[in-house]
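In my numbering, the protein residues as written are 65 to 661.
This report refers to the structure that appears directly beneath it.
Following this line, the structure appears as structure tokens:
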């Protein structure tokens, strides 16, 4: 079905982009609703005044500081449900594209489109919205809104004046925080849908600019400003390099005599993918531009050596914001990186990708450096930051196997499925870990010190048990979902790097000499996973065998506790039983659509 009507006039637009339309409506509501009041304007030359409802004395109901949080959570929940509708049997708009001219096409075959709504993009938007929903729920307790700004709260310490100032500050910034969260959601959604590099860049920057502000949002904390400054400066440089690389690709894609053929679209007859495949050998200009684009993606996924701002950002910001950085932001980077590598620069079967060696080296260095750095830190937030670096290395290993030229259709599908599934379940247990740290820092404990977790098993056994499960999942211990996702990655790499996937009759030495070198990425991943057990089990050791530094119980924080229990159930269920198969099937659908482009 191809509808040639203008984009905004098409009745299908609201259906195809329902999650994005929901977010836009939420943004408008967050701007309008808190500012509703009894303001009026006078009709010129008369004494009559008519109400405009914006400004003036705010209405009591709409000025409630709880309203922005309710709006943002409802919008994110509705957007996530809309994204999941793609995976419901019988859904009509499973694979729909929007071209630059405004035509909406179902099937996306051979069209020069810039947005693509399919299982791949919608599974990533589901990950984004889920992680943002958890972070928002945690911040509702972490930065509570109080109708009475003068009323003290039993969880706080300090004078009544400090209570009043803190609550007044929290109340006034509720709308700003939740508005920024929805801008992050919109930017990430654009990244997932984009098949045009410049549009993808716009989505990256929209999400990134809001994230820079959110990292520094708890400005009363000493470390937040420094962390945000480092993250902003590093991200700005990475964005500038990315944009310059895109300009080089744009120049390269056009002919010397006719730049009208230049394009930043990944698909279509004049797209970057077609131009890349037409090269007999890699053009230096294309290689430089492509490499510079990858630098920007490397920053988003925290790959070495582009990771150095991540540990400071994670440890300097609040735990709910670190949750968003470790899950949603990382998934956004891999959504863009995987689409660009596979759609634009994926070689034919039997030929190695031009980027294979670079990605393979980055993979080993990233996973090894991340785990070694995590071993040497006593800061739980920094440890989880370095853990995220290591996990980026694992996924880069799967991408390297895709570029080896030895992965057939089934193996390529397995590798992409493993990447998407790992990012999906990572949102469960990595989010859960940061939610537990949210509880510790709410009581005034320093979540940047390991002492905050000492004796947690005595202070709150259920939360401590949940935290230990999250650590085991991060380490890849069966039967948890972290084991299944790592197993899929390793299985895909081994299958792609060997002809038969099993020892040949000639013996182990001959077999090892015949495998592709990406096989050793799987070995490196297994060794690094074993290495990571030391610092993950360290968390369990201090929670259950160290004396607590404080006898105070953790705060009630119902939203955070509900989110922790939800993540706990999802972490366990996603590793076994029918639920895990459902998630794998969803990831497989996403992989099939990406490889079909």
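Glycine included, every Cβ here is placed at the ideal spot set by N, Cα and C.
query: Residue range of the beta strand (DSSP E) that residue 160 falls in?
result: By 1-based counting over the chain shown, the position of residue 160 is 96. Here the beta strand (DSSP E) through residue 160 covers 160–163.
- prompt: Within 10 angstroms of its Cβ, does residue 200 collect 16 or more other Cβ (buried), or is it exposed?
  reply: Counted from its first residue, the chain shown places residue 200 at position 136. With 16 or more Cβ atoms within 10 Å of its Cβ, residue 200 is classed as buried.
query: What are the uninterrupted segments assigned as alpha helix (DSSP H) that are 4 or more residues long and contained completely in the segment 330–389, given in chain order?
result: 336–341, 348–365, 373–380 and 383–388
Simplified DSSP state of residue 212, which is helix, strand or coil: Locating residue 212 in the chain shown gives position 148, where the first residue counts as 1. Residue confidence is low: residue 212 scores 48 on pLDDT, short of 50, so the model does not pin down where it sits. Its coordinate-derived value is still stated next. Reduced to three states, the DSSP call for residue 212 is coil.
- prompt: Within 10 angstroms of its Cβ, does residue 384 collect 16 or more other Cβ (buried), or is it exposed?
  reply: In the chain shown, the residue the question calls residue 384 occupies position 320. It is buried - the Cβ of residue 384 has at least 16 other Cβ atoms within 10 Å.
Span separating the alpha-carbon of residue 502 from that of residue 370: Reading the chain shown from its first residue, position 438 is the one you call residue 502. Reading the chain shown from its first residue, position 306 is the one you call residue 370. So the two alpha carbons sit approximately 27 angstroms from each other.
message: Using C-beta distances below 8 angstroms, list every residue in its chain close to residue 659, excluding the 5 sequence neighbours before and after it, in chain order.
response: By 1-based counting over the chain shown, the position of residue 659 is 595. Counting only Cβ-Cβ distances below 8 angstroms, and skipping sequence neighbours, we find 406, 473, 476, 477 and 480.
- prompt: If you drop the 5 nearest sequence neighbours on each side, which residues of the same chain put their C-beta closer than 6 angstroms to that of residue 107?
  reply: Taking the chain shown and counting its residues from 1, one reaches residue 107 at position 43. Result list for residue 107: empty, nothing under 6 angstroms.
query: Helix, strand or coil for residue 518 per DSSP?
result: Here residue 518 refers to the residue found at position 454 of the chain shown. DSSP places residue 518 in coil when its eight states are reduced to three.
Meets three-Cβ-pair contact criterion under 8 angstroms: the segment 278–286 and the segment 372–391: yes
- prompt: Cα-Cα, which of 615, 488 and 96 is closest to residue 521?
  reply: Along the chain shown, one-based indexing puts residue 521 at 457. Residue 521 has its Cα closest to that of 615, out of 615, 488 and 96.
- prompt: From this set, 361, 356, 351 and 283, which residue's C-alpha is nearest residue 269's C-alpha?
  reply: Within the chain shown, numbered from 1, the residue matching residue 269 stands at position 205. The shortest Cα separation from residue 269 among 361, 356, 351 and 283 belongs to 361.
task: Look at the Cβ atom of residue 491, then the Cβ atom of residue 557, and state whether they are nearer than 7 angstroms.
output: Residue mapping note: residue 491 aligns to position 427 of the chain shown, counting from 1. Residue mapping note: residue 557 aligns to position 493 of the chain shown, counting from 1. Their beta carbons are not under 7 angstroms apart, which means residue 491 does not touch residue 557 by this criterion.
CB-CB length for residue 100 against residue 123, believed under 8 angstroms: As a working note, residue 100 is residue 36 in the chain shown. As a working note, residue 123 is residue 59 in the chain shown. Residue 100 to residue 123, Cβ: 5 angstroms. Contact.
- prompt: Would you report the Cα separation of residue 463 and residue 423, rounded to the nearest angstrom?
  reply: Counting from one through the chain shown, the residue named residue 463 turns up at place 399. Counting from one through the chain shown, the residue named residue 423 turns up at place 359. Distance between the alpha carbons of residue 463 and residue 423 is about 7 angstroms.
Assigned exposure category for residue 376 - 16 Cβ within 10 Å defines buried: The count along the chain shown starts at 1 and reaches residue 376 at position 312. Looking at its Cβ environment, which holds 16 or more other Cβ atoms inside 10 Å, residue 376 is buried.
message: Are the CB atoms of residue 314 and residue 330 within a distance shorter than 7 angstroms?
response: On the chain shown, residue 330 is found 266 positions in, with the first residue counted as 1. On the chain shown, residue 314 is found 250 positions in, with the first residue counted as 1. In this structure, residue 314 does not lie closer than 7 angstroms to residue 330 by Cβ.
message: Here's a check: name, in chain order, each residue in its chain whose Cβ is nearer than 6 angstroms to the Cβ of residue 179, leaving out the five neighbours to either side.
response: Along the chain shown, one-based indexing puts residue 179 at 115. The residues are 162 and 257.
field: Whether residue 239 touches residue 254 by CB criterion (7 angstroms)
entry: Start at 1 with the first residue of the chain shown, and residue 239 comes out as number 175. Start at 1 with the first residue of the chain shown, and residue 254 comes out as number 190. No; because the gap between Cβ atoms is not below 7 angstroms, this pair is not in contact.
message: Within 8 angstroms, do at least three Cβ pairs link the segment 520–535 to the segment 620–632?
response: yes
- request: Look up residue 467 in the DSSP assignment and say whether it is helix, strand or coil.
  value: In the chain shown, counting from the first residue as 1, residue 467 sits at position 403. Three-state DSSP puts residue 467 in coil, outside helix and strand.
message: Using a 10 Å radius around the Cβ and a threshold of 16 neighbouring Cβ atoms, would you call residue 341 buried or exposed?
response: Position 277 of the chain shown holds residue 341. With fewer than 16 other Cβ atoms within 10 Å, it is exposed.
field: Cut-off 7 angstroms between Cβ atoms - residues of its own chain near residue 579, not counting five sequence neighbours on either side
entry: Counting from 1 along the chain shown, the entry for residue 579 is found at position 515. If we look at residue 579 and ignore the five residues flanking it on each side, its Cβ neighbours are 561 and 562.
task: Measure the Cβ-Cβ separation of residue 607 and residue 528 and say whether it is below 7 angstroms.
output: Reading the chain shown from its first residue, position 543 is the one you call residue 607. Reading the chain shown from its first residue, position 464 is the one you call residue 528. A contact, by the Cβ cut-off of 7 angstroms.
- request: Please report the Cβ distance between residue 426 and residue 367, rounded to the nearest whole angstrom; I am assuming they are in contact, meaning their Cβ atoms lie under 8 angstroms.
  value: To locate residue 426, count along the chain shown from 1; it is residue 362. To locate residue 367, count along the chain shown from 1; it is residue 303. About 5 angstroms separates the two Cβ atoms, so the contact holds.
message: Quick test of your reading: residue 248 and residue 271, contact by CB under 8 angstroms. State the CB separation rounded to the nearest angstrom.
response: The sequence position of residue 248 within the chain shown is 184, counting from 1. The sequence position of residue 271 within the chain shown is 207, counting from 1. Contact flag correct, Cβ pair sits at about 5 angstroms.
query: Can you name the start and end residues of the beta strand (DSSP E) that residue 104 belongs to?
result: Numbered from its first residue, the chain shown carries residue 104 at position 40. Run containing residue 104: 104–106, per the beta strand (DSSP E) assignment.
query: For residue 657 versus residue 182, is the C-beta distance shorter than 7 angstroms?
result: As a first step, residue 657 must be located in the chain shown, where it is residue number 593. As a first step, residue 182 must be located in the chain shown, where it is residue number 118. A contact, by the Cβ cut-off of 7 angstroms.
query: Is residue 101 helix, strand or coil by DSSP?
result: Numbered from 1 along the chain shown, position 37 holds the residue referred to as residue 101. Correct three-state label for residue 101: strand.
- prompt: Quick one: what's got a C-beta closer than 7 angstroms to residue 305's C-beta in the same chain, skipping five residues either side?
  reply: Taking the first residue of the chain shown as position 1, residue 305 is located at position 241. 356, 359 and 360.
- prompt: Cα-Cα, which of 131, 352, 316 and 353 is closest to residue 339?
  reply: Within the chain shown, residue 339 is the residue found at index 275, counting from 1. Measuring from the Cα of residue 339, the nearest candidate turns out to be 316.
field: Per-residue burial, residue 591 [other beta carbons within 10 Å of its own, 16 or more giving buried]
entry: For the purposes of this step, residue 591 is identified with residue 527 of the chain shown, where counting begins at 1. By the neighbour-count rule (16 or more Cβ atoms within 10 Å), residue 591 is not buried but exposed.
query: In the DSSP assignment, what are the bridge partners of residue 656?
result: The residue you call residue 656 lines up with position 592 of the chain shown. DSSP, once it has assigned bridges, lists no residue as partnering residue 656.
- prompt: Around the Cβ of residue 113, are there at least 16 other Cβ atoms within 10 angstroms (buried) or fewer (exposed)?
  reply: Residue 113 sits at position 49 when you count from the first residue of the chain shown. Its Cβ having fewer than 16 others within 10 Å, residue 113 is exposed.
query: Can you name, in chain order, every residue of its own chain whose Cβ lies under 7 angstroms from the Cβ of residue 218, other than the five neighbours on each side?
result: Residue numbering aside, residue 218 sits at position 154 when the chain shown is read from its first letter. In this predicted model, residue 218 has a pLDDT of only 43, less than 50, meaning its place in the structure is not dependable enough to derive any value.
- request: Could you check which residue in 611, 598, 78 and 147 has the C-alpha nearest to that of residue 447?
  value: Along the chain shown, one-based indexing puts residue 447 at 383. Per the Cα distances, 598.
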